[in-house]
Structures are given as C-alpha cells and as structure tokens.
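Engineer:
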Amino acid sequence: MTEGTTSANLPGANKLHEYLKKTMIDGSFGAILLFDIDGFHEFNVERGVEAGDQVIASIEEYIDAGGWVGFRIGGDEFGIVIEEHADSFDDEEFRAGLKQLLREKVGFQVTISGGGVWHPGDDFNIDSRLDEAIFATAHGLLQKAKQEGRDRIFWLPRGPVEAIDVMSIMVRFYEEMARVNSSLARELEIESRVDFLTGLANRRGFEDVFKRMTESAQRSGQPLALIYMDSDSLKKINDSRGHDAGDRFIIDIARVLGQVVRGSDFISRWGADEFAVLMDNASSEEKVKILANRIHHAIETRTEGTISMGVYCGIPETAEDAVRQADRALYRAKELGKNRVEFACGEAG
Numbered sequence: 090m091t092e093g094t095t096s097a098n099l100p101g102a103n104k105l106h107e108y109l110k111k112t113m114i115d116g117s118f119g120a121i122l123l124f125d126i127d128g129f130h131e132f133n134v135e136r137g138v139e140a141g142d143q144v145i146a147s148i149e150e151y152i153d154a155g156g157w158v159g160f161r162i163g164g165d166e167f168g169i170v171i172e173e174h175a176d177s178f179d180d181e182e183f184r185a186g187l188k189q190l191l192r193e194k195v196g197f198q199v200t201i202s203g204g205g206v207w208h209p210g211d212d213f214n215i216d217s218r219l220d221e222a223i224f225a226t227a228h229g230l231l232q233k234a235k236q237e238g239r240d241r242i243f244w245l246p247r248g249p250v251e252a253i254d255v256m257s258i259m260v261r262f263y264e265e266m267a268r269v270n271s272s273l274a275r276e277l278e279i280e281s282r283v284d285f286l287t288g289l290a291n292r293r294g295f296e297d298v299f300k301r302m303t304e305s306a307q308r309s310g311q312p313l314a315l316i317y318m319d320s321d322s323l324k325k326i327n328d329s330r331g332h333d334a335g336d337r338f339i340i341d342i343a344r345v346l347g348q349v350v351r352g353s354d355f356i357s358r359w360g361a362d363e364f365a366v367l368m369d370n371a372s373s374e375e376k377v378k379i380l381a382n383r384i385h386h387a388i389e390t391r392t393e394g395t396i397s398m399g400v401y402c403g404i405p406e407t408a409e410d411a412v413r414q415a416d417r418a419l420y421r422a423k424e425l426g427k428n429r430v431e432f433a434c435g436e437a438g
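If you're matching positions, the sequence shown starts at 90 in our numbering and goes up one per residue.
(1) If distances are taken between C-alpha atoms only, which option among V366, N327, G426, I388 comes closest to V412?
(2) Using three-state DSSP, classify L286 as helix, strand or coil.
(3) Bridge partners for M368 per DSSP, in chain order?
(4) Tell me the rounded alpha-carbon separation between E276 and N133.
(5) Quick one: is D328 buried, meaning 16 or more other Cβ sit within 10 Å of its Cβ, or exposed?
(6) Am I right that L123 and G238 are in contact with their C-beta atoms under 8 angstroms? What's the rounded C-beta distance?
(7) Can you round the beta-carbon distance between N382 and V430 to whole angstroms, since I take them to be within the 8 angstroms contact cut?
(8) With a CB to CB cut of under 7 angstroms and the five nearest residues on each side skipped, what residues in its chain are close to K423?
(9) At 3 residues or longer, and completely inside the stretch 117-197: list those beta strand (DSSP E) runs for me, N to C.
(10) Comparing alpha-carbon positions, which option in G159, F243, E409 lies nearest V296?
(11) When the Cβ atoms of the stretch 307-323 are set against those of the stretch 387-394, are three or more pairs found closer than 8 angstroms?
(12) Quick one, are the C-beta atoms of D127 and T200 less than 7 angstroms apart?
(13) Taking R358 as part of the alpha helix (DSSP H), name the residues at either end of that continuous run.
(14) Evaluate V138 with the Cβ neighbour count: other Cβ atoms within 10 Å of its Cβ, from every protein chain shown; 16 or more gives buried, anything less gives exposed.
(15) Tell me, to the nearest whole angstrom, how far the beta carbon of H332 is from that of F224; I am working on the premise that it is less than 8 angstroms.
(16) My assumption, with CB atoms under 8 angstroms, is that I342 sits in contact with I388. Please give the rounded CB distance.
(17) Using a Cβ-Cβ cut-off of 8 angstroms (strictly less than) and excluding sequence neighbours within five positions of V349, which residues of its own chain qualify?
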C-alpha cells in the first residue's frame with residue numbers, strides 16, 4: 090500500500106503538507122492535485138448521510154487501488170501527491186475511472202472539479218518552503234474550476250491561461266517562487282501571510298489588506314463591511330472525533346465561504362476557528378445583511394457545525410475600530426445563544 094493511504098480513512102491536511110514537504114526535500118515531487126465532487130452537498134441532502142459516506146469510502150478505495158498518495162482534506166475535498174514520473178498521470182482517465190466507480194457503487198452520476206500544480210521544470214528550484222504556496226495555488230485553481238461551471242481541472246503551469254483569473258493565479262505562483270528562491274532571509278514571507286491549512290490569508294495578511302481598504306474607504310467615502318465569525322463547534326469536533334476531523338471542518342468553512350461570497354470580497358482565516366470577510370463598496374446595509382445571513386445559513390447546512398457572526402459596516406476611523414465593533418457584535422451573538430448573526434452598522438466606536 091502506498092504511503093499516505095489506508096484501506097480505511099485517508100490522512101488529513103496536515104499529513105498532506107508533511108508529505109508534500111518530504112517530496113520537495115527528496116526531489117521526488119511531480120505534481121499535486123486537489124479535487125472534489127460537484128453537487129455532493131445536494132446528493133447528501135437527497136440521498137442521506139449513509140449514501141454520502143459510501144461515496145467518500147468509494148473515493149478513498151479508488152485512490153488506494155490506483156496507488157496514488159491520497160489525503161482527505163475536507164468533507165468531499167481530496168488531494169493526491171504525484172511523485173517523479175508525473176507525466177504518466179492522465180487526469181481525464183483519473184476522472185473517468187472515478188465517475189464509473191461511483192456510478193457502479195452508488196448509482197451517482199458525478200462531475201469532478203480540480204486544481205493542480207505540476208513541477209515547473211528543471212529550471213526552477215522547488216524548495217520545501219514552497220509547500221504552502223503550491224497548496225494555495227492548487228486550491229485557488231480548484232475554486233476557479235468551480236466558478237467556471239465545474240467538471241474541469243485547471244493546471245499550472247502547463248494548463249491554458251486565457252482566463253484573467255487563472256493568469257493572475259499563475260503570476261502569483263511564480264512571484265512566490267521567486268521570493269522564496271531569491272533570498273534565504275525572506276524565507277518566511279509567504280508563510281507569514283498565508284494559512285497553510287486553508288490557503289487563505291492569515292491574520293497578518295488580513296491586516297495588510299484591511300489597512301489599505303480602510304484608507305481607501307476614508308478617501309472615497311464608500312463604506313466597507315467586515316464580517317467576523319467564530320465557530321461554535323470546533324472544540325466539540327476535536328474532542329469527539331479528533332483533530333483531522335476538526336481540520337476538515339475548518340477547510341469546509343473556508344470552501345463554503347469561497348462559494349458564497351462575491352468574487353471581489355476578501356476572505357481570511359483570522360485564528361484557529363475565526364474567519365473574516367471584507368467587502369468594499371458596501372453602501373447598502375441591506376445587501377451586507379443578506380450576504381451575512383447567506384453565509385450563516387450555508388455554513389449551518391453545508392458543514393457539520395455552526396458559527397456565530399458579528400458584522401460591522403460603515404467608514405471606520407481606523408481598521409482597529411472596525412475590528413473592535415465587529416468583535417463586540419460577535420460577543421453579543423455568543424451571549425445570546427450562539428449560532429446567530431449580530432450587526433454593528435452605523436454604531437459609534
């Protein structure tokens with residue numbers, strides 16, 4: 090059996106990062122592919138959790154039987170690391186085989202979306218410090234595949250880059266490679282702004298962006314919104330089912346946020362189980378409230394937990410002022426029983 094897989098449950102996201110680093114250190118890295126099943130949530134609702142579990146088990150069986158090094162990183166999101174002779178990997182054949190297996194096992198007609206990163210070639214040094222940048226790039230491509238209509242896999246650097254969004258992902262990927270390879274003194278620059286588990290900006294990355302957004306709102310007179318949220322369920326999941334399950338829950342929240350918010354909105358993982366969404370040009374409080382409630386409902390129905398949320402909207406005196414007001418609203422949501430949204434729009438600091 091290939092390292093990384095078992096006949097039961099695949100390892101989680103942390104193990105994927107460990108294994109990815111290992112292949113970079115020993116020079117065996119060929120490619121990484123992240124993929125998920127389109128419409129899995131709807132299938133779960135229609136056919137029930139047991140049928141959904143059978144789908145997950147069938148995917149794990151397929152990965153194991155194919156000899157790929159596989160990981161389950163979210164509810165229905167998987168990753169495989171392809172070593173050395175990656176050119177022999179055929180993603181169309183991979184998808185066709187998985188679709189056929191699921192039709193035979195559970196009668197589920199599926200489409201599969203994915204994002205992957207090939208080794209860019211001998212001219213580039215793939216340092217183990219790039220594991221987070223490569224994971225974040227693959228995750229961004231997966232989200233782009235979902236936005237473009239699903240049932241496709243976007244690859245870099247070999248895939249077509251006609252779409253502006255895909256081109257920007259590629260540019261960021263090469264910029265991050267250049268940063269890491271240019272100077273040992275800057276080796277932590279990417280890591281310091283990106284959350285390795287979700288591929289989202291971390292708190293430092295959030296603060297960089299939010300400071301600029303606050304200054305822009307003050308100049309333009311256009312309000313912004315900060316949607317600040319905290320899980321009600323992570324500790325219970327960690328205690329009852331282990332930290333891999335907790336990691337999958339966090340990844341599921343990140344994925345749902347990516348599916349629900351506008352393309353122009355900025356998402357970050359603020360802390361262990363805290364997330365933030367930034368909206369610019371938030372002139373309509375009603376639209377802000379609609380989006381916040383949509384996020385709340387989506388996480389409650391598409392993940393195995395719930396969140397409490399505090400929302401600020403307006404033109405803040407400082408970024409810290411907006412965070413403070415959103416945090417107060419979040420505290421109210423917790424005090425009032427959790428699993429709810431509280432607003433701080435138009436309140437004084």
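From the three backbone atoms N, C-alpha and C, an ideal C-beta is built for every residue, glycine too.
Structural biologist: This is what the structure holds:
(1) V366
(2) coil
(3) A314
(4) At E276, the pLDDT of 44 sits below 50, so the modelled position is not reliable; the number obtained from the coordinates is stated separately. Roughly 42 angstroms separates the two Cα atoms.
(5) exposed
(6) In fact, because the Cβ distance is near 18 angstroms, the residues do not count as touching under 8 angstroms.
(7) 6 angstroms
(8) S397
(9) 118-126, 158-161, 166-172
(10) It is Glu, not Val, that sits at residue 296 in the sequence shown. That would be E409, whose Cα lies nearest to the Cα of E296.
(11) yes
(12) yes
(13) Taken as a continuous stretch (DSSP letters only), R358 belongs to no alpha helix (DSSP H), being part of the beta strand (DSSP E) at 355-358.
(14) exposed
(15) Wrong, their Cβ atoms sit about 18 angstroms apart, outside the cutoff.
(16) 6 angstroms
(17) L380, R383, I384, A387
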